[in-house]
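Residue numbers (the numbering used here): 9 to 339.
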Amino acid sequence: TIVGIGKAIPSKVITNHDLERLVNTTDEWIVTRTGIRERRVVPDGVTTSDLGFEAATEALRDAGVDAADLDLIIVGTATPDMILPATACILQDRLGARHAGAFDVSAACTSWVYAAAMAHGYIAAGLAENVLVVGAETLSKITNWRDRDTCVLFGDSAAAVVMRPAPVGQGFLSFVLGADGSGGSLLSLPAGGSRAPASFETVERGLHYLQMNGREVYKFAVRCIPRAIASVAEQAGIALEDVACFIPHQANIRIIDAAAERLGQPREKFFVNVERYGNTSSASVPVALYEAWEEGRIAPGDLLILVAFGGGLTWGACALRWTKAGPQTAE
Ligand code: ACO
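Structure (structure tokens):
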């Protein structure tokens with residue numbers, strides 16, 4: 009189960025009106041098509057591991073777990089500090105987690121859910137007791153700020169949780185992970201890997217920026233979220249009516265509305281903060297979880313379903329029985 013949680017939100021705000029000065033767009037278009045009003049971005053020089061470190065430090069403090077007692081650090085990110093070493097290793101060093109293994113998970117916006125599933129597996133198998141699971145992104149670094157199709161959508165942030173063993177029936181109950189690599193080209197960052205190593209040409213052609221077929225990703229998301237939620241609920245043996253709160257990936261308010269409608273669930277049960285942060289990829293679900301907890305929307309004993317989708321294409325969901333007291337009552 010989750011015994012500690014933390015987040016890191018950059019202070020710099022970019023509003024839709026700021027973007028009106030950069031590209032041919034309007035606040036009205038962005039709000040009606042996406043629900044986003046503003047997003048946060050890191051200043052120059054601040055990296056994904058910096059945000060991850062801040063979120064991890066809060067999560068460890070909240071959990072009352074010493075970094076030296078961590079067995080494993082898993083970072084979900086699409087914007088690692090660099091290709092090698094893993095961002096998780098950079099965090100391991102900075103945190104002083106000298107007994108922890110550390111690696112990154114790359115499943116685009118689904119990375120944190122994949123990482124939480126792995127942490128659950130390690131703990132359930134008795135291979136680890138204290139696992140730090142981080143979702144951290146600086147998407148502003150791979151965003152083409154002259155491309156209105158994408159630059160209005162993304163933002164930077166991080167969140168982290170500490171997971172520990174719990175009795176069966178408490179904490180995570182089930183996971184569903186999926187992928188459809190045939191849709192990989194719908195959302196990609198083409199250059200910088202072995203297929204198109206960095207060169208003057210790749211930079212000239214803007215291939216180090218995120219490229220997306222928004223309409224197709226939208227259709228995929230609207231199909232896959234309700235399916236993933238229904239299937240993870242079935243695996244956990246719970247009815248959707250008994251779920252207190254759904255925490256979906258925050259990409260577009262219309263995707264969340266459509267999922268609620270398809271599932272026949274009240275929209276108020278879906279936690280939403282997309283208007284403030286935009287899509288922060290793997291940080292999106294754990295930041296939303298943090299804020300739902302912080303705002304008192306979830307209480308110990310509540311059933312939750314977390315769900316994400318993203319590039320790959322990938323998707324993932326988990327059902328959990330929340331066990332942590334609210335921030336007001338927590339020590
Ligand atoms: N401002 C003004 N007009 C715009 C903008 C903009 N920022 N962006 C696109 N348009 C225009 C288009 O050019 C198009 O014009 P046209 O009709 O003359 O061709 C028109 O608006 C409509 O474009 P659509 O793409 O049909 O708009 P849609 O309603 O589908 O919304 C959006 C686009 C917001 C991208 C939506 O498709 C979406 O949210 N898709 C999912 C994206 C997503 O979730 N991606 C993240 C996946 S997670 C990960 O792994 C990172």
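Note that CB positions come from ideal geometry on N, CA and C, so glycine has one too.
Have a look at residue i and residue j and give me their C-alpha separation to the nearest angstrom.
i    : j    : result
F111 : I81  : 7 Å
E339 : I306 : Since pLDDT at E339 reaches only 46, below the 50 mark, its modelled position is unreliable, and the value read off the structure follows with that caveat. Using only the alpha carbons, I get a separation of about 17 Å.
S289 : M171 : 21 Å
A108 : E46  : 37 Å
R41  : A105 : 43 Å
W153 : E28  : 11 Å
A268 : F208 : 46 Å
S292 : E145 : 9 Å
S239 : A63  : 30 Å
G179 : I10  : 7 Å
L321 : T23  : 29 Å
C232 : A75  : 37 Å
A174 : A136 : 13 Å
C159 : T34  : 13 Å
V39  : V282 : 10 Å
P308 : T210 : 50 Å
A325 : R270 : 16 Å
Q258 : Q219 : 19 Å
S190 : I263 : 22 Å
W37  : D77  : 49 Å
T65  : T95  : 15 Å
Q243 : G177 : 13 Å
D310 : D155 : 41 Å
Anyone know if the C-beta pair for residue i and residue j falls short of 7 Å?
i    : j    : result
G286 : G163 : yes
W330 : G186 : no
A127 : V141 : yes
W314 : L181 : The question names Trp, but residue 314 is Leu in the sequence shown. No; because the gap between Cβ atoms is not below 7 Å, this pair is not in contact.
L103 : G60  : no
P51  : A167 : no
A296 : I261 : no
A204 : P198 : yes
A67  : I13  : yes
Y122 : A115 : yes
L147 : T87  : yes
G143 : W120 : yes
So what's residue i in DSSP terms, helix, strand or just coil?
i    : result
A338 : Low per-residue confidence applies at A338: pLDDT is 48, beneath 50, and the placement is therefore not dependable, though the value from the model is reported in the following sentence. A338: coil per DSSP, three-state reduction.
K15  : strand
L27  : helix
R255 : The displayed chain sequence assigns Ile, not Arg, to residue 255. Looking at I255 - three-state DSSP - the assignment turns out to be strand.
I237 : helix
A94  : coil
E249 : helix
W330 : coil
E137 : coil
W153 : coil
V295 : helix
V211 : helix
D2   : Any answer about residue 2 is impossible in this case: the structure gives the chain only from 9 up to 339.
F162 : strand
A316 : strand
D4   : Nothing about residue 4 can be reported from this structure: the residues present for the chain run from 9 to 339 only.
R48  : strand
E366 : The question about residue 366 has no answer here: the residues shown for the chain are numbered 9 through 339.
V169 : strand
G272 : coil
A300 : helix
Would you say residue i touches the ligand ACO, meaning its beta carbon is less than 6 Å from a heavy atom?
i    : result
D157 : yes
T56  : no
N260 : yes
T146 : no
G113 : It should be pointed out that residue 113 corresponds to Val in this sequence rather than to Gly. V113: no, Cβ never under 6 Å from the ligand ACO.
L68  : no
F80  : The sequence shown places Leu at residue 80, rather than the Phe named in the question. No; taking the cut-off as 6 Å, the Cβ of L80 has no heavy atom of the ligand ACO nearer than that.
S289 : yes
R213 : no
C326 : no
L343 : Residue coverage of the chain in this structure runs from 9 to 339, which leaves residue 343 outside it and unanswerable.
V315 : no
A64  : no
A238 : no
P37  : Contrary to the premise, residue 37 reads as Trp rather than Pro in this sequence. Yes.
R223 : yes
A116 : yes
Please look up how many angstroms separate the CB atoms of residue i and residue j, rounded, as I've assumed it's under 8 Å.
i    : j    : result
A236 : V280 : At roughly 18 Å, the Cβ-Cβ gap does not stay under 8 Å, so A236 and V280 are not in contact.
T85  : T56  : 6 Å
V21  : R48  : 6 Å
G319 : S202 : G319 to S202, Cβ: 18 Å. No contact.
A229 : L312 : That pair is no contact at about 20 Å.
P335 : E302 : 6 Å
Y217 : T118 : At roughly 21 Å, the Cβ-Cβ gap does not stay under 8 Å, so Y217 and T118 are not in contact.
Closer than 6 Å: is that where the CB of residue i sits relative to any heavy atom of the ligand SAH?
i    : result
G186 : Because the ligand SAH does not appear in the structure shown, any question about it cannot be addressed here, the ligands present being the ligand ACO.
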